[in-house]
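Down below is the structure, laid out as structure tokens.
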DNA sequence: CATGAATGAGGGTTCATTCAT
DNA sequence: TATGAATGAACCCTCATTCAT
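Protein chains in written order, with our numbering: chain Y, 33 to 246; chain G, 33 to 246; chain R, 33 to 246; chain P, 33 to 246.
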């Protein structure tokens with residue numbers, strides 16, 4: 033019975049569950065290992081969760097909600113100056129990657145979903161893809177991406193590049209210097225799909241970053 | 033003399049195993065389901081495989097060997113003309129994607145690896161990353177990628193973009209027209225990291241593709 | 033179907049079955065191992081035996097019949113001279129031990145019987161006990177065993193001593209010189225239960241064995 | 033705090049395991065039958081034992097240790113008077129037979145050992161044989177057994193006789209009057225191998241037992 | 001709330017037996 | 001007849017879940 037119980041125990045259970053689900057997947061995870069890592073008894077698991085599956089869903093779905101809210105979205109409040117836009121983009125990505133680093137265990141869970149829970153994986157990627165698509169549309173609307181750019185395809189490629197960057201990050205034992213990476217990724221996207229105007233702004237921003245003392 | 037071994041049985045088992053492993057993962061897969069789909073009895077599984085785990089390893093490792101041999105590698109025999117190079121690249125990628133489409137079930141298995149078998153996943157991505165890295169070095173050597181391009185990072189981003197393209201492909205119920213996609217991906221890479229010389233060759237190739245009657 | 037089939041194959045199967053049943057017991061024995069040792073195919077087992085259990089019963093019961101017929105029985109045709117009697121006894125035991133050595137595998141099977149087949153074991157020991165009892169009665173009838181000797185108990189002890197001798201024999205890799213052993217055993221029985229008359233005859237026979245030229 | 037472990041459960045499991053192993057042997061025994069007889073669920077077996085084999089080993093090996101400690105051993109503290117010695121011997125055997133009666137199920141297990149566990153059987157008989165041998169040597173040292181007695185062979189015959197007595201005992205539904213049997217057995221051994229001195233002491237002890245009021 | 005012993009359904013594996021050739 | 005591939009019942013063991021304390 034999901035009574036409130038000692039909130040510390042619930043949290044340690046969730047943390048442990050995250051870990052074990054990340055390492056072994058839903059089926060491979062054993063309730064006993066989760067409770068052992070949480071320093072609790074096997075029985076207490078069921079004071080907090082209805083079942084192993086429910087715990088899994090709770091861990092993942094709450095994360096999916098958070099990541100959904102977290103994803104940078106293009107909006108009316110975006111600055112008009114391209115250089116400024118690029119800066120905002122970089123900053124938001126940086127924040128996103130921070131968040132993903134914090135929650136790398138859960139992301140791992142979602143990426144490893146199989147069987148009856150693939151919908152999580154699909155939801156995750158659909159969300160990313162759509163968000164990315166929204167951005168491509170935004171850039172095109174501003175005349176900074178070429179008109180001929182296929183929105184879906186560009187979004188796919190961009191998503192993929194960033195995903196791989198993400199995997200590279202979590203493969204490291206401690207968080208690497210992601211900002212430099214993100215800048216390079218931005219460079220690829222800008223040159224790959226941007227109009228001359230955007231590319232020029234990007235080049236300026238790179239120079240500026242190096243010599244903005246002028 | 034003896035009842036002759038049904039030659040299809042081993043193959044149907046492998047196919048069914050692939051399917052079920054792809055859907056459920058190693059642990060989630062049930063031997064009984066594999067044999068049911070293969071239209072055989074539970075016991076016959078063990079005429080062909082030592083254990084469920086061995087079957088899994090056989091399915092995946094033989095694929096890893098094949099894909100390793102299949103991956104296009106840059107070599108001395110590459111043409112010197114940039115346009116020609118781009119054509120070869122596209123062609124090879126196209127073949128690779130064909131192969132991956134044929135084996136999408138196994139790829140799915142490998143991508144979903146967890147627990148004691150993550151090494152499969154890691155081997156897979158390491159192989160891709162290294163191959164990609166080799167290509168970036170090759171392009172730089174030919175003066176077609178900028179000297180300032182970070183090989184590792186570029187390889188990561190390119191890999192990621194192609195991976196995503198791959199996932200987009202296998203998400204479709206029937207094989208989509210991948211060549212057009214690959215051309216766009218090539219465009220992104222060329223513009224993202226290539227020198228003016230390469231970009232010009234690419235633009236020419238695109239025009240040529242459209243109107244090579246001139 | 034127990035058709036006659038090639039009699040060699042039936043015999044090699046029986047021999048192999050004996051071996052394997054002796055080593056592993058009825059349940060532990062695997063049909064495949066039996067046929068492998070017989071150099072035949074798994075299926076051929078069922079051309080000769082209805083089932084594993086039936087094969088087991090055949091192997092053991094036919095032996096029980098043979099051993100029953102073989103056991104030396106006291107009769108009217110026994111010589112009257114005590115020394116002669118002792119000689120016949122020794123000779124018969126010697127023959128019996130030969131036979132048991134030849135069939136040590138089956139004896140081992142019977143001694144290891146469990147479960148639904150303990151009746152074999154019980155039949156075997158009952159037969160021995162009764163036979164032994166008959167002998168004790170016979171010796172008493174001839175006035176060569178003390179009147180006060182408890183027939184049942186003496187039979188039990190004698191049986192036990194000979195059984196152990198038998199086990200000592202089969203524990204050896206090749207057949208040891210059993211006759212000397214049997215003579216010692218005879219000595220113990222004679223002195224243990226015999227009247228002075230018998231003991232004197234025994235002593236004489238021992239001397240005679242050494243120096244019967246007198 | 034927790035549901036307290038039923039202290040009887042381990043013991044009933046051991047008892048049931050003993051029973052079933054005795055009836056069916058290691059391979060023939062079914063875990064489910066053991067737990068059923070213990071009035072418990074199948075799973076609980078594994079709360080107490082690592083595996084069926086381990087349970088078997090535990091049951092038997094702990095018994096082998098106890099029986100080893102229990103076996104009467106000849107020592108310096110033995111009385112010097114032959115009649116006294118015979119009395120002590122009888123008493124110790126009586127105790128041993130009591131113990132064996134208590135543990136008849138386990139003895140049965142060991143006697144029925146086959147396959148990979150014959151070493152139990154062998155250890156058991158080796159221990160008995162050696163112990164018996166020690167006694168023969170002791171009697172010879174005291175000049176109560178003939179010098180010409182072959183120690184090994186005598187030990188074998190004596191062991192065998194006592195073994196058979198033991199089997200006779202456990203074949204009975206309730207414990208029979210073993211002391212009388214043991215006295216007869218002693219008689220056979222004394223007469224069979226003893227010197228006149230010992231035989232006279234034995235005869236005296238038998239008379240004494242009957243008419244020690246004199 | 002917390003504990004961990006107890007439960008029992010479920011799944012991997014074995015192997016006696018059958019059957020197509 | 002002979003073969004050995006195929007079958008499927010049965011059994012050991014695991015582990016999610018329940019329950020008595």
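Idealized CB from N, CA, C, for every residue including glycine.
C-alpha gap between residue i and residue j, whole angstroms
i: residue 246 of chain R; j: residue 115 of chain R; result: Here residue 246 of chain R scores only 39 on pLDDT, less than 50, and its place in the model should not be relied on; the value that follows carries that caveat. Rounded to the nearest angstrom, the two C-alpha atoms are 15 Å apart.
i: residue 204 of chain Y; j: residue 189 of chain G; result: 16 Å
i: residue 228 of chain G; j: residue 216 of chain Y; result: 18 Å
i: residue 77 of chain R; j: residue 134 of chain G; result: 45 Å
i: residue 45 of chain Y; j: residue 72 of chain G; result: 43 Å
i: residue 54 of chain P; j: residue 140 of chain R; result: 18 Å
i: residue 223 of chain P; j: residue 184 of chain R; result: 18 Å
i: residue 156 of chain Y; j: residue 197 of chain Y; result: 17 Å
i: residue 193 of chain R; j: residue 191 of chain P; result: 7 Å
i: residue 231 of chain P; j: residue 211 of chain P; result: 19 Å
i: residue 162 of chain P; j: residue 85 of chain P; result: 28 Å
i: residue 75 of chain Y; j: residue 67 of chain Y; result: 8 Å
i: residue 48 of chain Y; j: residue 69 of chain Y; result: 6 Å
i: residue 170 of chain Y; j: residue 62 of chain Y; result: 46 Å
i: residue 209 of chain R; j: residue 239 of chain R; result: 20 Å
i: residue 87 of chain G; j: residue 52 of chain G; result: 12 Å
i: residue 221 of chain G; j: residue 96 of chain Y; result: 31 Å
i: residue 89 of chain G; j: residue 159 of chain G; result: 18 Å
i: residue 237 of chain G; j: residue 182 of chain Y; result: 19 Å
i: residue 136 of chain R; j: residue 64 of chain G; result: 45 Å
Counted within 10 angstroms of its Cβ, other Cβ atoms place residue i as buried (16 or more) or exposed
i: residue 91 of chain R; result: buried
i: residue 36 of chain G; result: exposed
i: residue 50 of chain G; result: buried
i: residue 94 of chain P; result: exposed
i: residue 83 of chain Y; result: exposed
i: residue 40 of chain G; result: exposed
i: residue 226 of chain P; result: buried
i: residue 43 of chain R; result: exposed
i: residue 34 of chain P; result: exposed
i: residue 112 of chain Y; result: exposed
i: residue 144 of chain P; result: buried
i: residue 79 of chain G; result: exposed
Neighbouring residues, chain R, relative to residue i (Cβ below 7 Å)
i: residue 121 of chain P; result: By Cβ distance, chain R contributes nothing, its closest Cβ being about 16 Å from residue 121 of chain P, past 7 Å.
i: residue 225 of chain P; result: 220
i: residue 185 of chain P; result: 213 and 216
i: residue 188 of chain P; result: 196, 197 and 200
i: residue 60 of chain P; result: 59, 146 and 147
Listed by chain order, chain P residues near residue i by CB distance under 8 Å
i: residue 55 of chain R; result: 146 and 147
i: residue 179 of chain R; result: By Cβ distance, chain P contributes nothing, its closest Cβ being about 14 Å from residue 179 of chain R, past 8 Å.
Residues that residue i contacts on chain G, provided the C-beta gap is smaller than 8 Å
i: residue 166 of chain Y; result: Chain G residues near residue 166 of chain Y: none, gap ~17 Å exceeds 8 Å.
Residue i: contacting residues in chain P (beta-carbon distance under 7 Å)
i: residue 43 of chain R; result: By Cβ distance, chain P contributes nothing, its closest Cβ being about 24 Å from residue 43 of chain R, past 7 Å.
i: residue 182 of chain R; result: 216
Contact set between residue i and chain Y, taken where Cβ atoms lie within less than 7 Å
i: residue 75 of chain G; result: None at all; the shortest Cβ gap to chain Y is about 24 Å.
Contact test: residue i Cβ vs the ligand PLP heavy atom, cutoff 7 Å
i: residue 193 of chain R; result: Looking at this structure, you won't find the ligand PLP or any other ligand, since it has none at all.
- Does the stretch 137-155 of chain G come within contact of the stretch 43-62 of chain G, defined as at least 3 CB pairs closer than 8 Å? yes
- Taking any Cβ of chain R, which residues in the stretch 96-119 of chain P have a Cβ under 9 Å from it, in chain order? none
- Anything in the stretch 192-203 of chain G with a Cβ closer than 9 Å to a Cβ of chain Y? List those residues in chain order, please. 192, 193, 194, 195, 196, 197, 198, 199, 200 and 203
- Message: Three Cβ pairs or more, each shorter than 8 Å: is that satisfied between the stretch 156-171 of chain G and the stretch 101-108 of chain G?
- Response: yes
- Query: Taking one C-beta from the stretch 197-212 of chain P and one from the stretch 171-178 of chain P each time, how about it: are there three or more such pairs within less than 8 Å?
  - Reply: no
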